[in-house]
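See structure below.
In UniProt numbering, the protein residues as written are 1 to 154.
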């Protein structure tokens, strides 16, 4: 059996499935800043909860630390072609918000319906610098790790 290769930026951005990017750098994922949240359990819940409906990537930093913990839901290719845009969520620091996020991402036609109240409350507009992280395929977390591997092999 061939081991699964990490996703490349191009394959992630062309995916029919949504992409859930979970920030775990800076203040996101920090026990110092969020001591009551089990960050590993939250990430595991998101991965298992959205399995099949979305891919989950961990980012070292999405540069929106004032909103930690930050999660970005990027629509799949079909939904992006219909005008759906990434949804940035901040302060995702409890099980209820995480559960609503999972329900919304896995729901049928989730891009055409209003997100659950808890998800909607946690939505924010990122700075231009933060948005650039998702607009440039070379800055998608998987692409960064692939690029670093190529540089170390030369």
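For every residue, glycine included, the Cβ atom is placed at its ideal position computed from N, Cα and C. All values reported here derive from a predicted model rather than from experimental measurement.
Out of the options, point me to the one whose CA is closest to residue i's CA.
| i | options | result |
| --- | --- | --- |
| residue 51 | 71, 20, 31 and 34 | 20 |
| residue 55 | 123, 109, 102 and 114 | 102 |
| residue 29 | 66, 18 and 48 | 66 |
| residue 62 | 95, 46 and 26 | 26 |
| residue 64 | 23, 58 and 31 | 23 |
Look up residue i in the DSSP assignment and say whether it is helix, strand or coil.
| i | result |
| --- | --- |
| residue 118 | helix |
| residue 56 | strand |
| residue 19 | strand |
| residue 89 | strand |
Answer with buried or exposed for residue i, where buried requires no fewer than 16 other C-beta atoms within 10 angstroms of its C-beta.
| i | result |
| --- | --- |
| residue 85 | exposed |
| residue 44 | exposed |
| residue 98 | buried |
Could you check the C-alpha separation between residue i and residue j for me, to the nearest Å?
| i | j | result |
| --- | --- | --- |
| residue 90 | residue 118 | 11 Å |
| residue 124 | residue 35 | 23 Å |
| residue 122 | residue 104 | 13 Å |
| residue 127 | residue 88 | 11 Å |
| residue 82 | residue 53 | 18 Å |
| residue 114 | residue 107 | 11 Å |
| residue 40 | residue 16 | 27 Å |
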